[in-house]
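Novice: Let me give you the structure first, and then I'll get to my questions.
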Amino acid sequence: MSEILQPQSPGIPLPVPTIYSQPYWDGCQVGELRFQRCQDCGAITMDPAPACSACFSENLEWEVSTGLGEVYSWTTVWRPQTPAFTVPYVAVIVTLDEGFWLLASIINCPVDAVHVGMRVKTTFVELSDEITLPYFEPTD
Amino acid sequence: MAKHPFHDIAIVGIANSEQARVLEGHDSTTITFQAVHRVLADTGLTPWDIDGVAAGPFSGPLTYYMRNGPAWRNHMAPSIPIILDAASAIATGQCHTVLVAHGSAGIYTERASTAPWTRPANEFVVAYGMFTAAEFALIAQRHMHMHGTTPEQLATVAATIRNNGHAHPDAVYHGRGPFTPDDILASRMVSDPFHLLDCAMTSEGACALILTTRERAQDLPNKPVYILGGACDSFGPSYQHPPAWDLAGPSGRNNGYTGRWAAQKSFAMGELGPTDVDVCEFYDPFSFEIIRQFEAYGFCEEGEGGDFIMDGRIGPGGQFPVTTDGGTMSFSHGGAAVQQLQRVIRGVEQLRGTCVSSQVPDAQVAMCSNGGAGALFTDVMLLGTETP
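As you go down the protein sequences, you meet chains A and B in turn.
Residue 137 is where the first sequence starts when you use our numbering, and the numbers rise one by one after that.
Residue 430 is where the second sequence starts when you use our numbering, and the numbers rise one by one after that.
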């Protein structure tokens, strides 16, 4: 039985939102994974941006993702970036079912079970008054 | 009339400062100035023969202290794109002789953390403990999933490059080997699939180059090395967004093969193809990057890079010797930029016939690169002893 991956503890460096990413982080605080959709061409833009990454329109509106997706790539980290991080942790790129990528970490999963194609869903961990961080966990 | 403006530009001077894990008594400025003194000595030029400086944050201080103003300058940390800018500035008549230099010392002091240049803060990666090894691992794992590339193939790349550094007397890790692929696989895991010895090391040091016109090069002591071609592929900022292999726009050109289009342009400028390359001075931040580059540049088919690098093909005496000084894994890795210049310096040494490790006999064409898909960019230069 291998180790079960846990979220990081408070004390890690935290995101500093921008004017155009603040709605994304506000969404995390209420348990929503938000993304932008272009009202001109319909494409999704992620990470949050001031313009559509398909047609460069500024006409973007926020929607809420199902939070469901699958692992696109992964790496188990055994040498922490700084001592603030507890190893092992698994960084993943997840392809959400809506079709966008998100970089995050996997938790509530055995460390050696992560693989490309694994079905995952978002789960949120509060790290400060301002920042709640999205993680992924297995769907089953 | 040259067939391409780059062909009228020659690299006439190259130099390294001391390179070491830690350079006591130096900071980034003093070690860079040491490399500048050495490159002037290599060419026989004086500071007042230099009318352009591309040395990142040292461009201003160098021009001020050399009193070589008024001079052309570029303040970006120099690597292949800045060498190409310097060549373009000469080719368009803005200046005639450019000093390119960079160095780093005293930057990496908190050894409990990864090096500071490997972990730029960004709101979408900062809380997930990302650093360069993890970013490049996400690229490598995707390739392994798609094509069955193996840890043993990655380890073969790392052992080959580290053995080149083992043999190079100026390499920071001179004499540390020799290494077998099993030695690489036995080192501790850093970020799966990268073991410690699959990764770049960190060190301190500086280096410098001087570029001038073909015409002026004929009066200087060194055998001129000409720029046959060069171009740059970027897919966005490094280490801020998911480093996805399939990142692409409507063109369908994907980040996984960043460098492919720069290589195609470079080969077209030089009227060359991969089989004309005698030595591959490829950038080696992580072992997998070498496999990726052979596929990206058209040396082999997509997915075949893992098999391609086996059986001695990329080692000394092989068909495509890579990174002949030990690269960032063994020669030196001073920071965010300086070590990228080493690839071009080694390409020049190979074409001069003066590389002290893994010299390729009668090398006439060198392919040099910087970057990697984990950082969303790759830059390419082709160097030659003759031009088309």
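Note that CB positions come from ideal geometry on N, CA and C, so glycine has one too.
Rounded to whole angstroms, what is the Cα-Cα separation between B/D675 and B/G727?
Specialist: Reading the second sequence from its first residue, position 246 is the one you call residue 675 of chain B. Reading the second sequence from its first residue, position 298 is the one you call residue 727 of chain B. Approximately 18 Å, taken between the alpha carbons.
Novice: How is B/H603 classed by DSSP in three states: helix, strand or coil?
Specialist: Taking the second sequence and counting its residues from 1, one reaches residue 603 of chain B at position 174. Coil, per DSSP.
Novice: Can you have a look at A/F192 and say buried or exposed, based on whether 16 or more other CB atoms are within 10 angstroms of its CB?
Specialist: On the first sequence, position 56 is the one that residue 192 of chain A refers to. So A/F192 counts as exposed.
Novice: Taking the continuous beta strand (DSSP E) assigned at B/S620, which residues delimit it?
Specialist: Taking the second sequence and counting its residues from 1, the one referred to as residue 620 of chain B is at position 191. Counting along the chain, the beta strand (DSSP E) containing B/S620 begins and ends at 618-620.
Novice: So, does the CB of A/D162 fall closer than 8 Å to a CB anywhere in chain B?
Specialist: Position 26 of the first sequence holds residue 162 of chain A. A/D162 does not count as touching chain B.
Novice: I need the boundaries of the alpha helix (DSSP H) containing A/Y160, first residue and last residue.
Specialist: Looking up residue 160 of chain A in the first sequence gives position 24. From DSSP, the alpha helix (DSSP H) with A/Y160 extends over 158-165.
Novice: Could you tell me the boundaries of the alpha helix (DSSP H) in which B/S759 lies?
Specialist: The sequence position of residue 759 of chain B within the second sequence is 330, counting from 1. Note, B/S759: alpha helix (DSSP H), 756-759.
Novice: Which residues of the region 169-192 of chain A have a Cβ closer than 7 Å to any Cβ of chain C? Give them in chain order.
Specialist: Protein chains A and B are contained in the structure displayed, whereas chain C is not.
Novice: At what residues does the beta strand (DSSP E) containing B/G481 begin and finish?
Specialist: Against the second sequence, residue 481 of chain B aligns to sequence position 52. Start and end: 481-483.
Novice: Does B/M739 come out as helix, strand or coil in the three-state DSSP assignment?
Specialist: By 1-based counting over the second sequence, the position of residue 739 of chain B is 310. If DSSP states are grouped into helix, strand and coil, B/M739 belongs with coil.
Novice: Report buried or exposed for B/G756, applying the criterion of at least 16 other Cβ atoms within 10 angstroms of its Cβ.
Specialist: The residue you call residue 756 of chain B lines up with position 327 of the second sequence. Answer is buried; the Cβ neighbour count reaches 16.
Novice: Nearest by alpha-carbon distance to B/D808: which of B/H436, B/I440, B/L513, B/P610 is it?
Specialist: Residue numbering aside, residue 808 of chain B sits at position 379 when the second sequence is read from its first letter. When each option's Cα is compared against that of B/D808, the closest is B/L513.
Novice: For B/P817, which of helix, strand or coil comes out of DSSP?
Specialist: Here residue 817 of chain B refers to the residue found at position 388 of the second sequence. Reduced to three states, the DSSP call for B/P817 is coil.
Novice: According to DSSP, is B/H572 helix, strand or coil?
Specialist: Your numbering for residue 572 of chain B matches position 143 in the second sequence. Correct three-state label for B/H572: helix.
Novice: Suppose you measure from the CA of A/T231 to the CA of B/Q570; what does that come to, to the nearest Å?
Specialist: Within the first sequence, the letter at position 95 stands for residue 231 of chain A. Within the second sequence, the letter at position 141 stands for residue 570 of chain B. About 15 Å.
Novice: By Cβ distance below 8 Å, which residues in the same chain neighbour A/V106 in space, the five residues on each side in sequence not counted?
Specialist: One cannot answer for residue 106 of chain A here, as it falls past the ends of chain A, which runs 137 to 276.
Novice: If B/V451 sits next to B/G634, beta carbons under 8 Å apart, how far is it from one beta carbon to the other, in whole angstroms?
Specialist: In the second sequence, counting from the first residue as 1, residue 451 of chain B sits at position 22. In the second sequence, counting from the first residue as 1, residue 634 of chain B sits at position 205. No, B/V451 and B/G634 are not in contact; Cβ-Cβ is about 10 Å, not under 8 Å.
Novice: Can you give me the C-alpha to C-alpha distance between A/S241 and A/T202, rounded to a whole angstrom?
Specialist: If you number the first sequence from 1, residue 241 of chain A lands on position 105. If you number the first sequence from 1, residue 202 of chain A lands on position 66. The straight-line gap from Cα to Cα measures roughly 18 Å.
Novice: Using a beta-carbon distance cut-off of less than 9 Å, what residues from the region 525-554 of chain B approach chain A?
Specialist: Those residues of the region 525-554 of chain B that come within reach of chain A (Cβ to Cβ, closer than 9 Å) are E539, A541, S542, T543, T547, R548, A550, N551, E552, F553, V554.
Novice: Between the Cα of B/G665 and those of B/G473, B/G747, B/A677, spot the shortest distance and give me the residue it belongs to.
Specialist: Within the second sequence, the letter at position 236 stands for residue 665 of chain B. Out of B/G473, B/G747, B/A677, B/A677 has the C-alpha closest to the C-alpha of B/G665.
Novice: Going along chain B in order, which residues have a C-beta closer than 8 Å to the C-beta of A/F221?
Specialist: Numbered from its first residue, the first sequence carries residue 221 of chain A at position 85. Here the neighbours are G558.
Novice: For the region 183-211 of chain A, which segments carrying the alpha helix (DSSP H) assignment without a break, of at least 4 residues, lie completely within its bounds, in sequence order?
Specialist: Within the region 183-211 of chain A, no complete alpha helix (DSSP H) run reaches 4 residues.
Novice: Given B/A725, which residues of its chain have a CB within under 6 Å of its CB, disregarding the five upstream and five downstream residues?
Specialist: Counted from its first residue, the second sequence places residue 725 of chain B at position 296. For B/A725, where only same-chain residues beyond five positions count, the Cβ hits under 6 Å are Y686, G688, R689.
Novice: Can you name, in chain order, every residue of its own chain whose Cβ lies under 6 Å from the Cβ of B/N503, other than the five neighbours on each side?
Specialist: By one-based count along the second sequence, residue 503 of chain B stands at place 74. Cβ neighbours of B/N503 beyond the five flanking positions: A483, I511, D514.
Novice: Can you tell me which residues form a DSSP beta bridge with B/I656?
Specialist: Your numbering for residue 656 of chain B matches position 227 in the second sequence. According to DSSP, B/I656 bridges with B/L812.
Novice: Could you give the residue range of the alpha helix (DSSP H) that holds A/R170?
Specialist: Translated into positions along the first sequence, residue 170 of chain A becomes position 34. Unbroken run through A/R170 is the beta strand (DSSP E), 170-174; no alpha helix (DSSP H).
Novice: Rank B/L640, B/S786, B/R591 by C-alpha distance to the C-alpha of B/D471 and give the top, closest one.
Specialist: Position 42 of the second sequence, counting from 1, holds the residue named residue 471 of chain B. Ranking the options by Cα distance to B/D471, first place goes to B/L640.
Novice: Look at B/P750 and B/V785 and say whether their C-beta atoms are less than 8 Å apart.
Specialist: Translated into the one-based positions of the second sequence, residue 750 of chain B becomes position 321. Translated into the one-based positions of the second sequence, residue 785 of chain B becomes position 356. No, the pair does not count as a contact, with Cβ atoms beyond the cut-off.
Novice: The region 618-629 of chain B: which residues have C-beta closer than 7 Å to a C-beta of chain A, in chain order?
Specialist: Those would be M618, V619, S620, D621, in chain order.
Novice: Could you give the C-beta distance for B/Q779 and B/A792, rounded to a whole number, given that I count them as a contact under 8 Å?
Specialist: Along the second sequence, one-based indexing puts residue 779 of chain B at 350. Along the second sequence, one-based indexing puts residue 792 of chain B at 363. Right, the Cβ-Cβ distance comes to about 5 Å (below 8 Å), so this counts as a contact.
Novice: Does the Cβ of B/A660 have 16 or more other Cβ atoms within 10 Å, making it buried, or fewer, making it exposed?
Specialist: On the second sequence, position 231 is the one that residue 660 of chain B refers to. Buried, because 16 or more other Cβ atoms sit within 10 Å of the Cβ of B/A660.
Novice: Taking Cβ-Cβ distances below 7 Å as the criterion, which residues of the region 205-230 of chain A are in contact with chain B?
Specialist: Correct list: Y208, S209, W210, T211, T212, V213, W214, R215, P216, Q217, T218, P219, F221, Y225, A227, I229.
Novice: What ranges does the alpha helix (DSSP H) occupy inside the region 667-717 of chain B, keeping only unbroken runs of at least 4 residues that lie completely in it?
Specialist: If we require 4 residues or more, the alpha helix (DSSP H) runs fully inside the region 667-717 of chain B come out as 689-699.
Novice: For the 8 Å Cβ check, are there 3 or more pairs between the region 556-567 of chain B and the region 702-711 of chain B?
Specialist: Verdict: no, contact absent.
Novice: Measure from the C-beta of B/H670 to each C-beta in chain A and report whether the shortest distance is under 8 Å.
Specialist: Locating residue 670 of chain B in the second sequence gives position 241, counting from the first residue. It does: the Cβ of B/H670 has a partner Cβ on chain A nearer than 8 Å.
Novice: Which residues, in order along the region 631-651 of chain B, keep a beta-carbon less than 8 Å from a beta-carbon of chain A?
Specialist: Residues: none.
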